[in-house]
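Encoded as structure tokens, the structure appears first; notes follow it.
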Amino acid sequence: MTGVNKWFGPLHVLQDVNLEVAEGEHIVLCGPSGSGKSTLIRCINHLEEIQKGSIVVNGTELNSKGTNADEIRREVGMVFQQFNLFPHKTVLENCMLAPRRVKGVSEAEARDTAMRFLERVRIAEQAHKYPAQLSGGQQQRVAIARALCMGPKVMLFDEPTSALDPEMVKEVLDTMISLAEEKITMICVTHEMGFAKAVAHRVIFMDKGQIVESAKPTEFFGNPQYERTKAFLAQILNH
């Protein structure tokens, strides 16, 4: 991301954002509500368009004319706060849908891939149930498996645990921690600071549409450089 700016009407939600993420790097984005974190990762997936600056994903510039957003989304998986599963389809069908429709793979291959990733997130035994029959934590693990079925190079997580009951948070974070061991590039918006310490190569603090601080977890938590970061950490760690 180079000089990225985004407005919603008069609201300047991203202000001259510069961010480089290396292949295989794990980034945790944190900051107060309304600081632009979710908008930033939605721009990477081209769910939001920027008005100024440039975003290059895996060599493709998103905001150049002729760029196919769907091509980018094939390589960038996204897990949302709300699980966004199709309620009328089984867990297995939810995971098979995009590979069948977008990549055109055979039904057998899509099923094999779906089962492999459902096993990966430890929920294969629920494959023939419908989303409403699962807990929130289970549904979010299905959403992660569904994203992985497309073979993405980058995984984006937008506060994946914020809609969950506290006892379900750990099962989703454990799934994400195990994913991190596979060298997949991850950018995660979260307030789960334990997860940031365990998984992140870098923690980035955003406030008022700007990246205020970017550091390794040991430095970020042990010696934050800016008053805004210190105030945020004091509030969230004492919560």
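36 is the number of the first residue of the sequence shown in the working numbering; add one for each residue after it. Cβ coordinates follow ideal geometry from the N, Cα and C atoms, glycine included. Bear in mind that the values here come from a model prediction, so they are computed numbers and not experimental data.
So, is E194 buried or exposed, given that buried needs 16 or more other C-beta atoms within 10 angstroms?
buried
A235 by DSSP, collapsed to three states: which one?
A235: coil per DSSP, three-state reduction.
Through-space distance from E83 to A167, alpha-carbon basis
29 Å
With DSSP run on the structure shown, which of helix, strand or coil describes I219?
coil
Along the chain, where does the beta strand (DSSP E) that runs through D105 open and close?
Taken as a continuous stretch (DSSP letters only), D105 belongs to no beta strand (DSSP E), being part of the alpha helix (DSSP H) at A104 to E110.
Out of A269, S249 and T264, which one is the CA nearest neighbour of N53?
S249
Enumerated in chain order, which unbroken segments of the alpha helix (DSSP H) with a length of 4 residues or greater are wholly contained in the region 52-135?
72-79 and 104-110
Does the Cβ of N80 have 16 or more other Cβ atoms within 10 Å, making it buried, or fewer, making it exposed?
buried
Taking the straight line between their C-alpha atoms, what separation do you get for H293 and L169?
The structure shown does not extend to residue 293, since the chain is modelled only from 36 through 274, so no value can be given for it.
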